[in-house]
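Undergrad:
Residue numbers (this note's numbering): -8 to 302.
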């Protein structure tokens, strides 16, 4: 289950002989500054439907016009003025439900923001945290403020200014921080808290094991004790910290992430149920099936048939 690359993105949306509409990469982005692009969504009118998959880049999209966004295993979000974020961790797809949709989208990779030296890592921002559902409706005033930044970026990208990439990084951070302020999410915990640091380290350790690219080798870390040993803390301390910071026990967080990955593998790969069970570290298929049914309410086979074939 390999993520779609930037090359795949541009290949799928390249302008054709019968239409000039489409998205092309900026001509000067192969100069060691990472990748960044911004374009009006109107360029995607008439494009083929998007596939449900992970991407190996970040994307921030503002859509005006009714559309549906599907992220990971969450229920689809349908809205008329929607803001959504894409990270390399989470598979998604966007489906416009009207022909006259508008708005903007920008995409970028880690390398593009690295020279900014802000001290802030993308993966540490709450809007990009694992488990977040980064899609919501925005008010008219907020939509106008977001569009103003997108328009600044589009103008600058097409300019001949020698230092435009530095300016584009500034505009991108402005957009990220505005999105951060608009996202309907709880206030993040103070980063200086020892408990918050342990919780962050646990999440990073957990997410390093995903997405699963092949059935073998299986997950290296599987239990609460495995994670506690890696973090050099007692398992009871880890459980108490996670309960305080997330409201869930270590086992509950591990089970939820395993169930999410199992659903994605059943939907997106041709692996057998046995191979998925092995990949996720289950001792046998029966144990995996019991676990999956407890979390999904149906057997792996039934879930796959419904997700893939609709029956």
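All C-beta atoms, glycine included, are put in the ideal place defined by N, C-alpha and C. Bear in mind that the values here come from a model prediction, so they are computed numbers and not experimental data.
For the alpha helix (DSSP H) holding residue 251, just list the boundary residues, first then last.
TA: Per DSSP, residue 251 belongs to the alpha helix (DSSP H) from 241 to 259.
Undergrad: Can you say whether residue 179 is buried or exposed, counting buried as having 16 or more other CB atoms within 10 angstroms of its CB?
TA: Unreliable placement is indicated for residue 179, whose pLDDT of 48 sits below 50; the coordinate value is still reported in the next sentence. Burial call: exposed.
Undergrad: Where residue 69 and residue 84 are concerned, what is the direct C-alpha to C-alpha distance, given to the nearest angstrom?
TA: Cα-Cα distance, rounded: 12 Å.
Undergrad: For residue 227, count the other beta carbons within 10 Å of its own beta carbon; 16 or more makes it buried, fewer makes it exposed. Which is it?
TA: Looking at its Cβ environment, which holds fewer than 16 other Cβ atoms inside 10 Å, residue 227 is exposed.
Undergrad: Shortest alpha-carbon distance to residue 71 belongs to which of 197, 130 and 170?
TA: Nearest option by C-alpha distance: 130.
Undergrad: Just to confirm my understanding: we take residue 285, look at its own chain, exclude 5 residues before and 5 after, and list those with CB closer than 7 Å. What are they?
TA: So no residue of the chain qualifies.
Undergrad: Just checking my contact of residue 210 with residue 221 at CB under 8 Å: how many whole Å lie between their CB atoms?
TA: With a Cβ gap of about 13 Å, residue 210 and residue 221 do not count as contacting.
Undergrad: Do you know how far the Cα of residue 63 is from the Cα of residue 290?
TA: Whole-angstrom Cα-Cα distance: 19 Å.
Undergrad: Applying the 10 Å Cβ sphere with the 16-neighbour rule, what's the burial state of residue 251?
TA: With 16 or more other Cβ atoms within 10 Å, it is buried.
Undergrad: Given residue 279, which residues of its chain have a CB within under 8 Å of its CB, disregarding the five upstream and five downstream residues?
TA: Correct list, in chain order: 253, 264, 267, 268, 271, 273 and 291.
Undergrad: Could you name each continuous beta strand (DSSP E) segment of 3 residues or more that falls completely within the stretch 64 to 150, going from the start of the chain to the end?
TA: The stretch 64 to 150 contains these whole beta strand (DSSP E) runs: 68 to 77, 83 to 87, 93 to 99 and 126 to 128.
Undergrad: Quick check on residue 55: does DSSP put it in helix, strand or coil?
TA: DSSP places residue 55 in strand when its eight states are reduced to three.
Undergrad: Which runs of the alpha helix (DSSP H) at least 4 residues long sit entirely within the stretch 162 to 223? Give them in chain order.
TA: You should have 185 to 198 and 215 to 222.
Undergrad: Measuring alpha carbon to alpha carbon, tell me which of 17, 39 and 29 ends up nearest residue 3.
TA: Here the closest residue by C-alpha is 39.
Undergrad: Just to confirm my understanding: we take residue 183, look at its own chain, exclude 5 residues before and 5 after, and list those with CB closer than 7 Å. What are they?
TA: Interpretation of residue 183 is limited by its pLDDT of 44, a score under 50 that renders its predicted location unreliable; the figure taken from the coordinates is listed afterwards. Result list for residue 183: empty, nothing under 7 Å.
Undergrad: From the DSSP secondary-structure annotation, give me the bridge partner or partners of residue 62.
TA: Per DSSP, 83.
Undergrad: Going by DSSP, what residues sit across from residue 18 in a beta bridge?
TA: DSSP lists no partner for residue 18.
Undergrad: In its own chain, which residues sit with a C-beta less than 6 Å from the C-beta of residue 89, not counting the 5 before and 5 after it?
TA: Hits under 6 Å: 56 and 57.
Undergrad: Measuring straight from C-alpha to C-alpha, what distance separates residue 28 and residue 5?
TA: Cα-Cα distance, rounded: 14 Å.
Undergrad: Can you tell me which of the three DSSP states residue 1 falls into?
TA: Residue 1: helix per DSSP, three-state reduction.
Undergrad: Under a Cβ-count criterion, where at least 16 other Cβ atoms within 10 Å of its own Cβ denotes burial, should residue 94 be classed as buried or exposed?
TA: With 16 or more other Cβ atoms within 10 Å, it is buried.
Undergrad: Determine whether the beta carbon atoms of residue 224 and residue 74 lie at a separation below 8 Å.
TA: Not a contact, by the Cβ cut-off of 8 Å.
Undergrad: Just curious, the alpha helix (DSSP H) that residue 276 is in, first and last residue?
TA: Here the alpha helix (DSSP H) through residue 276 covers 276 to 287.
Undergrad: Could you check the C-alpha separation between residue 15 and residue 1 for me, to the nearest Å?
TA: Those two C-alpha atoms are separated by around 6 Å.
Undergrad: Tell me whether residue 290 sits in a helix, a strand or coil according to DSSP, three-state version.
TA: If DSSP states are grouped into helix, strand and coil, residue 290 belongs with coil.
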